[in-house]
Every structure is written in structure tokens, then in C-alpha cells.
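Visitor: Questions regarding the structure given below will be posed in turn.
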Amino acid sequence: MSPASTGASTVVGAATSVPAADSRLAPGGPGYRRMSFALFLAGVATFALLYSTQALLPLISDGYGVSASDASWTVAAATGGLALFVIPMSALSERFGRRTVMTASLAVAVTVGLLVPFAPSLGVLIVLRGVQGAALAGVPASAQAYLAEEVRPRALVTAIGLFVAGNSVGGMSGRVITGWVAQEWGWRVALGAIGVIAVGCAVAFRLLLPAPRHFKAGSLHPRRLLGTVSDHLADPLLRRLYAIGALFMTVFGGVYTVIGYRLTQEPFSLPQGVVGSIFLIYLVGTVSASTAGRLVGRLGRRGALYLAGGTTATGLLLSLADSLPLVLLGLVLITAGFFAGHAVASSAVSKTASHGRAQASALYQSAYYIGSSAGSTVGALAFHASGWAGTVGVGLLAILGVVTITVLGSVAAHRQILANAH
């Protein structure tokens, strides 16, 4: 085996081989802070752009004279584009490099972001958002692979945590900023502001991110990629986890796409800036996701999923009240349940996949964002037909799906135990 494959360096003429020092990044070492901040900014830009129209849907509806279900396609197109392209982008990053793909992805996405405010019609806006989502797929598809290659194993969890923090901060701040800017200057200016912020983040990302030192380019093997994807889709447990992630995101996407319409109407009639600030509730999700590991330790994976589903369903029912405090409490429970369920399902994917973990995770992300697109669209259609109760009904059906799939998983596991015993 060659030194390159073992990670050891050999001194010519020496009797023994001396292990090479680990040159990967670590906390306190050169480049680590730059790398962490660069990927944090990439996460901020990605999720600020991805959900930039969500808090503005009532204003977009008014601006184009369209229904909530029509306007919701500005969210569904972006998340759908990401869902469709995350696997191809992960393959491109294997060939051309993580930093190259992330840089190109952000460059295209921020360019489109500067064009979005000038969309002359809803159709053009939806097309631009679809292109933007497809471009953004290169960031989550490449970031974790970059970290796995360039960061020492003991520091990897912390480094990934900073990237995920950038995701949540971007998703939350994008909605809050657009809400307050739109209240003063309109939704087009709000989208322009997010575009400018994203440009700044993208430029800083490219200047700060250290050049990769451990990336080894591979060739694109479509058959090998398709074979790995087929293996994962043939695994019953992985299929269940993908479905659970999609169903949880169907609830979350539907609720947060439509909630702006509900809160700007009677009996609440909240101003746009206040509605945008509702997305600060996302911070609850950061806490619940971080406790998911302890939940699994106490209740097991299926027990944690039951608890997450029950919490989400309780929040949905509370949100039916015409009392603002109860609606907010409902949103808190929906958010806490969703993030906990998402954390449990996504972590189980990595543990379940015996090979091709990057593709297994990419499939989960694809299912997750398909759920977001479906929730945004179906939730808005239900709201248009039956009001908030219709959106809640869609969410409860999705949670029933989560519970049913989890029960089927329990039955399958029990049968396997009996089969092994015999």
C-alpha cells in the first residue's frame, strides 16, 4: 500500500516509516477560524435566499393579484430545485472539488437573487426561484464533504455545527429582515436587500475559505452513482426515514408558508414586520434539535419520533384558536417537534447507511426538500379552499403518516427479532 493511501510519510533510505503530522484544520490552528466563518456565511447566504419570499407571500399575492396557492410556488420552486439537484451537485463536487462547486453555486444564486426583485410577472419570478434553488443545491451537497476532508475528526462535529448554525441564522434572518424592510419599502426592495446581503456573504466566503489540501478528484461514474442510490432506495429502513423526513417537512413548509396570510388577516391583522418576526421562533428548533440525541438515548429512535410527532400535532391543534398567544404557543410546539423529528431521522440515515453515506444523506435532503415544496403548495391550496383549518388538516395527515410509518418500522423490527430467534 502506498504512503498516500496509508496517510504515512516515508523517508527514503530510512529503516522505518514515520507517521505524518495531521495537517487538517483544528480549533486554534491556522485557517480554522477562517474556514468556520466562511462556511457560516455560506449557510447564511444559502438559506436567506432559499426562503426569501416565504414571509412576503401576502404582499406578493397583492402585487401580482394572485392567490396564496399561486404565490406559494415562489417557495416551492426554490426548494424543489434544490431537491432535484442536490444529488447531481454532490457528484460534480467529487469531480471538480468542493470549494469550486460551492463558489459557482453561490455565484449563480446571488446573481439570480439580484434579478428576482425585477420579475415582471409571477411566472418569471417562479422560474428565477427554481433556478436559484437548483444553484443553491451545490452548497449543502459540498459543505459537509469539504469539512470531512479538511477538518480533524475530533473537531468535525463542532465545524458542522457552525455550518448548520449559519443555515438556521440565514433562514431566520432572511424572513425577519424581509418582513421589516417590506413593511417600509415593499416586497421588491426587501428581496433586493436579501440579494445584496447574500452577495456580501458569497464574496467573503470565497475570500476566507482556505484552499483544499486533502481533496482528491474522482471521475464521474453515473452507473456507480445510480447503483449506490438504488441500493439505498432498496433499503426498507432508509425508505422509511426518507419518508419521515419528507412528511415532517410537509408540515413545517405548509405552516410557515401560510402563517403570514393568517396573521395579516382578521382577527389578528398584524403588520408585515411583526409577521416576519414570528420566524424568530426558529430559535426554539435549535434547542430541540440539540436535545434530540438525549431523547433517542432515553426513548429510542421510534420513541423520540412518536414524541416529536405528538408535539407537532398538539401545536397544530392549538394553532386553530383565534387567540394570538395560543397560536404562538402552537407555532413553538410545531417548530420544536419538527426540528426534533428532523434531527432524529437525519442522524439515523448516516448510522443506517453501510456505504455511500454522502449519497444516502443527499437522498434524505432531496426527500426533505420535496416535502417542503409539497407542504408549501398543498398547504396553500388547503388554505385557499378551507382557511387555516385546511392547512392544519394537511399537517395532521402528514403527522399521521409519520406515526404509521414508525409503527410499521416497529412491526418490521419485531418480526426480524422473531425470525432471528428461530
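Here our numbering is used: the first residue of the sequence shown is 10, the next is one more, and so on. Even for Gly, the Cβ is constructed at its ideal location relative to N, Cα and C. Quantities reported herein were computed from a predicted structural model and do not represent experimental measurements.
(1) Nearest to Val-125 by alpha carbon, out of Gly-142, Arg-104, Thr-112 and Val-110?
(2) Where does Val-75 sit, in a helix, a strand or coil, going by DSSP?
(3) Should Gly-410 be flagged as near chain B, meaning a C-beta pair shorter than 8 Å?
(4) Once the 5 residues before and after Val-280 are set aside, which same chain residues still bring their CB inside 7 Å of it?
(5) Could I get the ranges of all uninterrupted alpha helix (DSSP H) runs contained in the segment 219 to 291, with 4 residues as the minimum, in chain order?
(6) Which residue wins for smallest C-alpha separation from His-230, given the options Val-260, Leu-101 and Thr-109?
(7) Trp-194: buried (16+ other C-beta within 10 angstroms of its C-beta) or exposed?
(8) Say whether the segment 243 to 255 touches the segment 368 to 376, bearing in mind that this needs 3 or more beta-carbon pairs closer than 8 Å, one atom from each stretch.
(9) With a threshold of 8 Å, are at least 3 pairs of Cβ atoms found where one atom belongs to the segment 413 to 430 and the other to the segment 101 to 119?
(10) Provide the residue span of the alpha helix (DSSP H) that contains Thr-62, from first to last.
(11) Which class does Ala-128 belong to by DSSP, given the choice of helix, strand or coil?
(12) Taking His-423 as part of the alpha helix (DSSP H), name the residues at either end of that continuous run.
(13) Rounded to a whole number of angstroms, what is the C-alpha to C-alpha distance between Ala-113 and Glu-158?
(14) Using the Cα positions of Arg-271 and Phe-277, report the straight-line distance between them to the nearest angstrom.
(15) Is Ser-328 helix, strand or coil when you go by DSSP?
(16) Assign Leu-372 to one of three DSSP states: helix, strand, or coil.
(17) Check the C-beta distance from Ala-64 over to Gly-188 and give it rounded, since I have them as a contact under 8 Å.
(18) Let me know the secondary structure DSSP gives Ser-363 once reduced to three states.
(19) Gly-436 to Leu-427, Cα distance in whole Å?
(20) Nearest-angstrom Cα distance between Leu-256 and Pro-39?
(21) Can we say the segment 400 to 408 touches the segment 382 to 390, given the rule of at least three CB pairs closer than 8 Å?
(22) Expressed to the nearest angstrom, what Euclidean distance is found between the alpha-carbon atoms of Gly-384 and Thr-273?
Guide: A quick look at the data gives this:
(1) As a position in the sequence shown, residue 125 is number 116, starting the count at 1. Of the candidates Gly-142, Arg-104, Thr-112 and Val-110, the one whose C-alpha sits nearest the C-alpha of Val-125 is Gly-142.
(2) In the sequence shown, residue 75 corresponds to position 66, counting from 1. Reduced to three states, the DSSP call for Val-75 is coil.
(3) Considering every chain present, this structure includes no chain B. It has just one protein chain.
(4) As a working mapping, residue 280 is identified with position 271 in the sequence shown. Looking at the sequence shown, residue 280 is not Val but Pro. So the list reads Gln-192, once near-sequence residues are dropped.
(5) 231 to 243, 245 to 273 and 281 to 286
(6) Counting from 1 along the sequence shown, the entry for residue 230 is found at position 221. Of the listed residues, the one whose Cα sits closest to His-230 is Leu-101.
(7) Sequence index remark: in the sequence shown, residue 194 carries index 185 (1-based). Under this definition Trp-194 is an exposed residue.
(8) yes
(9) no
(10) On the sequence shown, residue 62 is found 53 positions in, with the first residue counted as 1. Counting along the chain, Thr-62 falls outside any alpha helix (DSSP H), and DSSP gives it neither H nor E.
(11) Position 119 of the sequence shown, counting from 1, holds the residue named residue 128. Coil, per DSSP.
(12) In the sequence shown, counting from the first residue as 1, residue 423 sits at position 414. Per DSSP, His-423 belongs to the alpha helix (DSSP H) from 397 to 430.
(13) To locate residue 113, count along the sequence shown from 1; it is residue 104. To locate residue 158, count along the sequence shown from 1; it is residue 149. The straight-line gap from Cα to Cα measures roughly 20 Å.
(14) On the sequence shown, position 262 is the one that residue 271 refers to. On the sequence shown, position 268 is the one that residue 277 refers to. Roughly 8 Å between the two C-alpha positions.
(15) Residue 328 sits at position 319 when you count from the first residue of the sequence shown. Note: Ser-328 maps to coil in three-state DSSP.
(16) Taking the sequence shown and counting its residues from 1, one reaches residue 372 at position 363. Three-state result, Leu-372: helix.
(17) The count along the sequence shown starts at 1 and reaches residue 64 at position 55. The count along the sequence shown starts at 1 and reaches residue 188 at position 179. About 5 Å; that satisfies the 8 Å criterion.
(18) Within the sequence shown, the letter at position 354 stands for residue 363. Correct three-state label for Ser-363: coil.
(19) The question about residue 436 has no answer here: the residues shown for the chain are numbered 10 through 431.
(20) The residue given as residue 256 occupies position 247 in the sequence shown. The residue given as residue 39 occupies position 30 in the sequence shown. When rounded, the distance between both Cα atoms is 42 Å.
(21) yes
(22) In the sequence shown, counting from the first residue as 1, residue 384 sits at position 375. In the sequence shown, counting from the first residue as 1, residue 273 sits at position 264. Gly-384 and Thr-273: Cα-Cα distance of roughly 20 Å.
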